[in-house]
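Numbering (the working numbering), first residue to last: 2 to 380. Cβ atoms here follow ideal geometry from the backbone N, Cα and C, with glycine treated the same way. Right, one structure below, let's go through it.
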C-alpha cells in the first residue's frame, strides 16, 4: 500500500515553515494520542498518531526534508533505499552494479569510497616532435605540462577563507542517493553535491570553489632509443586530478618525427635516394652513401640502371622492441647532365651514334622497347 504524502498527513502545504509544521503536528498528536482515544477508535487513532509522528520526524529535519522533497519516500525510507542492513533488493543491485549502472545513469570509472563516488582523473596528451637521429639514439627532454595544485587561498578546501564546507543535506555526506526503479534499488550520484558529499555555501574566489588552481610544471621525459612516429610514452599520474580522492589520470606523450632531408623510415628500415652520374652508372665505381652512424661505401657495377636498389644490412634503426637493427636501402637515380658545352655535346653525339650501332649489345632495354613498338603498330 502506498504511503500517504507527509505534507498531507500533517495538513500543511509544501512551503510550510518549520513553525507551521510543529503546530500542525502538536494539534494532531493531541487529537490522536492513545491516552485520549480508547475503545473502538483506539486502533484508528493510534495509526494516525504514528503517521503524524513519522511525518514530523522527516519534515522537521532539514536534510531529511530536502531528500524527501526531491525523491519522495525513496529518499528517506531505508527499506526503499536498500541501505546497509535494509531488506529488499539492495544486495542484488550492488552485485549487478556494473550492469545496471549504465542503464540507470551510473558513470564509468566510478568507485565507492566511504559511500561517495570516486572518479579517476582524465588523461592528458602531449605531442612531441623529434628528429630521426633523436629517435634512433634516444634522448632526455624537458616539457611543460599543466598541473593542479591546492589553492593557496583556501588551502584546498574550496571554501572562502573564514567559512566552512558543510555536509550535503540531501545525501548526508555520502555523495550518493538510492532510487527505487521498479523492482530494483538503484544508487545514483547525488544531484545536489555532484557526488562530493559536501556543499560550499561561500566558494573561494581564487579557485571558484574547486580547491585547486591550474599551474604549469616541468617534467623530465626519457625518450627510448628506437622509438617510432606515432608511438606514445605514458607518464603515470601526471594527468588531471581525480574527484573525491580518486587517482589522477595519466599523461600520454605522442611522438612525431620531423621530415628528414635524406632518409625515410619504414619500421626499423631506412630508405634513401642516391643520385649518380650516367658515366658512373655506365662505367661503375665506388661511391659513398650516408648512414645514421656516418658513411658507408657502395661498389656500383658497370651498367647500373636507374632504380637499382642496394641493401646495407644493419645500417637501419634498432626499434624499441627489436633485437637487431634494420637495414638501409639505397635507391639509385641516374642524373642526366645539364648545361653542356659544345664540346661535350659533340662527344655525347658521337657516343650516341656508337651506341646505336651496337644495338642490343649496349642498349638492351631500348632495343627491346623499339621491337615492341614495331610489333604493336604492325599488328
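Quickly, what does DSSP pair residue i with across the bridge? List them, please.
i           : result
residue 129 : 256
residue 219 : 145
residue 301 : 286
residue 180 : 187
residue 265 : 272
residue 204 : 160
residue 295 : 292
residue 167 : 200
residue 214 : 150
residue 224 : 140
residue 244 : 120
Can you tell me whether residue i is buried or exposed? The criterion is at least 16 other CB atoms within 10 Å of its CB, across all chains shown.
i           : result
residue 171 : buried
residue 188 : buried
residue 238 : exposed
residue 217 : exposed
residue 176 : buried
residue 63  : exposed
residue 372 : exposed
residue 333 : buried
residue 466 : Outside the displayed span of the chain (2 to 380) sits residue 466, for which this structure offers no information.
residue 327 : buried
residue 32  : exposed
residue 269 : buried
residue 325 : exposed
residue 210 : buried
residue 197 : buried
residue 11  : buried
residue 85  : Residue placement at residue 85 cannot be trusted, given a pLDDT of 34 that sits under 50; the coordinates are not used to answer.
residue 88  : Any reading at residue 88 must be qualified, since the residue scores a pLDDT of 34, below 50, and its modelled position is unreliable; the value itself is stated next. Residue 88 comes out exposed.
residue 190 : buried
residue 158 : buried
residue 316 : buried
Hey, quick one: how far does the alpha helix (DSSP H) through residue i stretch, first residue to last?
i           : result
residue 345 : 343 to 359
residue 60  : 43 to 60
residue 20  : 19 to 33
residue 325 : Where residue 325 is concerned, there is no enclosing alpha helix (DSSP H), given that its DSSP letter is neither H nor E.
residue 11  : 7 to 11
Provide the residue span of the beta strand (DSSP E) that contains residue i, from first to last.
i           : result
residue 312 : 310 to 313
residue 330 : 329 to 336
residue 271 : 270 to 278
residue 234 : 233 to 236
Please name the residue in the options whose C-alpha comes closest to that of residue i.
i           : options               : result
residue 297 : 309, 313 and 255      : 313
residue 291 : 55, 256, 263 and 186  : 263
residue 250 : 338, 204, 126 and 260 : 126
residue 386 : 66, 213, 61 and 128   : Only positions 2 to 380 of the chain appear in the structure, and residue 386 is not among them; the question remains open.
residue 173 : 212, 256, 140 and 67  : 67
residue 222 : 54, 120 and 234       : 234
residue 339 : 279, 309, 311 and 308 : 279
residue 288 : 152, 311 and 224      : 311
residue 306 : 336, 141, 294 and 219 : 336
residue 136 : 350, 320, 356 and 348 : 320
residue 192 : 179, 203, 186 and 202 : 179
residue 124 : 254, 353 and 346      : 254
residue 256 : 8, 284 and 129        : 129
residue 17  : 57, 162 and 160       : 57
residue 282 : 271, 144 and 309      : 309
residue 150 : 138, 215, 144 and 139 : 215
residue 195 : 6, 120, 38 and 73     : 120
residue 203 : 220, 162 and 230      : 162
Assuming residue i and residue j make a contact with CB atoms under 8 Å, what is their CB distance in whole Å?
i           : j           : result
residue 252 : residue 240 : 5 Å
residue 248 : residue 122 : 7 Å
residue 301 : residue 331 : So it is not a contact: roughly 10 Å between Cβ atoms.
residue 273 : residue 205 : That pair is no contact at about 60 Å.
residue 168 : residue 213 : Going by Cβ atoms, the distance from residue 168 to residue 213 rounds to 21 Å, so no, they are not a contact pair.
residue 152 : residue 207 : 6 Å
residue 47  : residue 35  : 5 Å
residue 142 : residue 224 : 6 Å
residue 266 : residue 133 : 6 Å
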